[in-house]
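Residue numbers (the numbering used here): 2 to 298.
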C-alpha cells in the first residue's frame, strides 16, 4: 500500500481531512484554525469542504489556516446551498445557475482565484436529500456549466458525488477526476463503480467511511472481525476500518473528519497500518450490509 496517490492531477497523501466537523468549533475559531494547522503539520495536503458547511464558517477557517507556501489541495462541492433556518442546514441547489453561484461563493469565502477540484453533488440516490420539482436537473446541463467553469479557470477539475454507476458512465466524456459516494467495509454496494474508477484512473473518495452516519447505515465498528484486528494490532476499530479502505483499492483517498485533536492524529495514523494476508482476508470476508433505502438525511 502506498501512502500517496493522484487526485486531480496532484500527488497527495491518501489520508486527507474532511472539514465539515470544524463547525463544531464555531465558538472557538482559533481552535478550529489550530486543528487544521495541526493537520497540515502532520502531512495532510488534501482538505475537503463546501460552502454549506456552517454557512461559510468552515471555508473561512480554511482561508485563515492556509499560509503562503502551503501546498494543500482544497476540494469543494456544489449542488446544495446553506439553509441555516431550515429543518436541515442545507437545501438542494442543482440548477446550472445555482452551481455557478455556489462556485463563486466558495471562491470568495476560501479567498482563492481557482478551486483545484469541485465535486458536483447529485441528488439521485440515498443517503441524503433526493431531488424533486425544479431540482430535478439533467446531468448534461450540470456538466455543461461545470465544464464552462473549468474552461474559465475558476475550477481545476470536476468530480461527482452521490451518483449511480449509470451517471458516472454518462459523465466520463467530460473528464471526471474523482467520485465521492458513501462507502465502507460494511457498505460496499458500489463495488462495480469502484472498479470502473480504478480502470479509468479516477480517485475514489468515500464519505461515511465507517458507516453509521444515519440510522439505517451499518457501522464498521460493530463488526467482531474489526475489533479482533484492532486488538491484535494495538489500534482502534475506527483506524482498522479506515486502513482497510486504503488497502482495498489503490485509488482510495480518505477524508475523515473530526473536531478533536486526538481523533485527528489517530485518523492520520491509520494511513500507516499494514495488514498481514490472513487479517486482510478476514476483513474482506465481512459481509456488506444493505442500507435502508428509505433513509433520508
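Every residue, glycine too, gets a C-beta built ideally from N, C-alpha and C.
When burial is assigned at 16 or more other CB atoms within 10 Å of the CB, is residue i buried or exposed?
i: residue 44; result: exposed
i: residue 107; result: buried
i: residue 172; result: buried
i: residue 237; result: buried
i: residue 85; result: exposed
i: residue 295; result: Annotation note: pLDDT 46 at residue 295 (below 50); position unreliable, no value reported.
i: residue 68; result: exposed
i: residue 89; result: exposed
i: residue 298; result: Legend: pLDDT at residue 298 = 33, less than 50; position of this residue unreliable, no value from coordinates given.
i: residue 1; result: Residue 1 lies beyond the range of the chain shown here (2 to 298); nothing can be said about it.
i: residue 1; result: This structure gives no information on residue 1, because the portion of the chain shown stretches from 2 to 298.
Taking the continuous beta strand (DSSP E) assigned at residue i, which residues delimit it?
i: residue 181; result: 177-181
i: residue 81; result: 81-83
i: residue 254; result: Note, residue 254: premise wrong, no beta strand (DSSP E); not H, not E.
i: residue 283; result: Careful: residue 283 lies outside any beta strand (DSSP E), inside the alpha helix (DSSP H) at 278-285.
i: residue 67; result: Counting along the chain, residue 67 falls outside any beta strand (DSSP E), and DSSP gives it neither H nor E.
i: residue 159; result: 159-162
i: residue 6; result: 5-8
Which same chain residues end up closer than 8 Å to residue i when comparing Cβ atoms and leaving out the 5 residues on each side of it in sequence?
i: residue 168; result: 123, 125, 140, 161
i: residue 37; result: 18, 20, 23, 48, 62, 63, 66
i: residue 291; result: 190
Can you check which of these residues, the options, is closest to residue i by C-alpha distance?
i: residue 193; options: 170, 49, 25; result: 170
i: residue 137; options: 104, 67, 93, 221; result: 93
i: residue 54; options: 38, 255, 243, 27; result: 27
i: residue 151; options: 116, 180, 183; result: 116
i: residue 322; options: 291, 185, 82, 269; result: Residue 322 lies beyond the range of the chain shown here (2 to 298); nothing can be said about it.
i: residue 11; options: 72, 206, 273; result: 72
i: residue 22; options: 232, 33, 251; result: 33
i: residue 181; options: 143, 215, 255; result: 255
i: residue 142; options: 30, 97, 42; result: 97
i: residue 213; options: 232, 188, 197, 201; result: 188
i: residue 121; options: 114, 211, 246, 164; result: 164
i: residue 174; options: 196, 145, 199; result: 145
i: residue 200; options: 179, 219, 257, 263; result: 179
i: residue 79; options: 99, 70, 87; result: 99
So residue i is in the alpha helix (DSSP H); what residue range does that whole segment cover?
i: residue 171; result: 166-172
i: residue 38; result: 30-42
i: residue 103; result: 97-111
Assuming residue i contacts residue j under a Cβ cut-off of 8 Å, what Cβ separation, rounded to an integer in Å, is found between them?
i: residue 76; j: residue 118; result: 4 Å
i: residue 158; j: residue 9; result: 4 Å
i: residue 284; j: residue 230; result: 6 Å
Can you tell me whether residue i sits near the ligand NAD, meaning its C-beta is under 8 Å from at least one heavy atom of the ligand?
i: residue 108; result: This structure lacks the ligand NAD; in fact it carries no ligand of any kind.
Using a Cβ-Cβ distance cut-off of 9 Å, determine whether residue i contacts chain C.
i: residue 128; result: Absent here is chain C; the protein component of the structure consists of one chain.
Going by beta carbon distance, what residues of the same chain come within less than 7 Å of residue i, once the five residues before and after it are set aside?
i: residue 301; result: For residue 301 there is no data in the structure shown, the boundaries of the chain being 2 and 298.
i: residue 271; result: 16, 240, 243, 244
i: residue 259; result: 22, 265, 268
Residues in its own chain within less than 6 Å of residue i by CB, not counting five upstream and five downstream?
i: residue 131; result: 124
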